[in-house]
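Numbering (my numbering), first residue to last: 3 to 252. C-beta: ideal position from N, C-alpha, C; glycine also.
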């Protein structure tokens, strides 16, 4: 039963995770939920929670390194969302330039950011490896293989449907949140800079393609009924997204 199990959303920054987090967290009551915020660190660390608090918690969400389950005795389920590293780095750079504590990025070019800032280099691999901190893509792949669901941003709705099927979620329709309006796109960036990002994210690129394969296998194994239901959900969500865009003022 769900109340005896721990569900952990390993939220990798700028992978569409804020939207997914809003869906995930409404599946649980406030007492059941530990929603960690990596950048602001406003809440009590998991290691400092009382045993009573840990008994109540059935869901963990946030920018956490792999390994949160080690602080609990319950059976656990992990899921995550990955994104193509080039697009993720572009989005992260655009977002952090206006984020408190990252004012230095306002006078830093994208090229300088990629060369000097740790979070611009294989961040997805790092988070999945957990402690001790390491860039071990083989270990990160093993982690993903153990996850109940691995999604990718580029196929967000299909990934979301798999989460609904795996965990019995309800009310999974959504509006996108935490979108960086001034985000750089690939078409805005010189090819040399794209290659620079790829050079500094070789592990994440390998990991992303592995995650993509895992997702494709999972989708292929759906029954005809499930594929039909997923197609219906995806079409309805696309329609809702279009209506939402039309309703918002310019």
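- Query: Do you know whose CA, among 70, 56, 28 and 20, lies nearest residue 6's CA?
  - Reply: Stepping through the chain shown from its first residue, residue 6 is reached at position 4. Cα-wise, what sits closest to residue 6 is 56.
- Item | Proximity below 7 Å, CB of residue 25 to CB of residue 62 | The residue labelled residue 25 in the question sits at position 23 within the chain shown. The residue labelled residue 62 in the question sits at position 60 within the chain shown. No, Cβ-Cβ distance for residue 25 and residue 62 is not below 7 Å.
- Express the C-alpha separation of residue 59 and residue 124 in angstroms, rounding to a whole number. In the chain shown, residue 124 corresponds to position 122, counting from 1. In the chain shown, residue 59 corresponds to position 57, counting from 1. Roughly 30 Å between the two C-alpha positions.
- Could you give the residue range of the beta strand (DSSP E) that holds residue 82? For the purposes of this step, residue 82 is identified with residue 80 of the chain shown, where counting begins at 1. Where residue 82 is concerned, the enclosing beta strand (DSSP E) stretches over 78-84.
- Buried or exposed: where does residue 15 fall if 16 or more other Cβ atoms within 10 Å of its Cβ makes it buried? Translated into the one-based positions of the chain shown, residue 15 becomes position 13. Flag for residue 15 reads buried.
- Message: Going by DSSP in three states, residue 159 sits in which element: helix, strand or coil?
- Response: Locating residue 159 in the chain shown gives position 157, where the first residue counts as 1. In the structure shown, residue 159 sits in a helix (DSSP, three-state: H, G or I).
- Item | For residue 135, the three-state DSSP class (helix, strand or coil) | The sequence position of residue 135 within the chain shown is 133, counting from 1. Looking at residue 135 - three-state DSSP - the assignment turns out to be coil, as it is neither helix nor strand.
- Message: Since residue 81 and residue 165 should fall inside the 8 Å C-beta cutoff, what is the C-beta to C-beta distance between them, to a whole number of angstroms?
- Response: The residue given as residue 81 occupies position 79 in the chain shown. The residue given as residue 165 occupies position 163 in the chain shown. The pair is a contact, with the Cβ atoms about 6 Å apart (cut-off 8 Å).
- Report all residues from its chain with a CB closer than 6 Å to the CB of residue 85; omit the five preceding and five following residues, and keep chain order. For this step, residue 85 is matched to residue 83 along the chain shown. Excluding residues within five positions, the ones whose Cβ falls inside 6 Å are 17 and 155.
- For residue 193, count neighbouring C-beta atoms within 10 Å of its own C-beta (all shown protein chains included) and say buried if the count is 16 or more, exposed if not. Here residue 193 corresponds to residue number 191 of the chain shown, with the count starting at 1. Residue 193 is exposed by the Cβ-count criterion.
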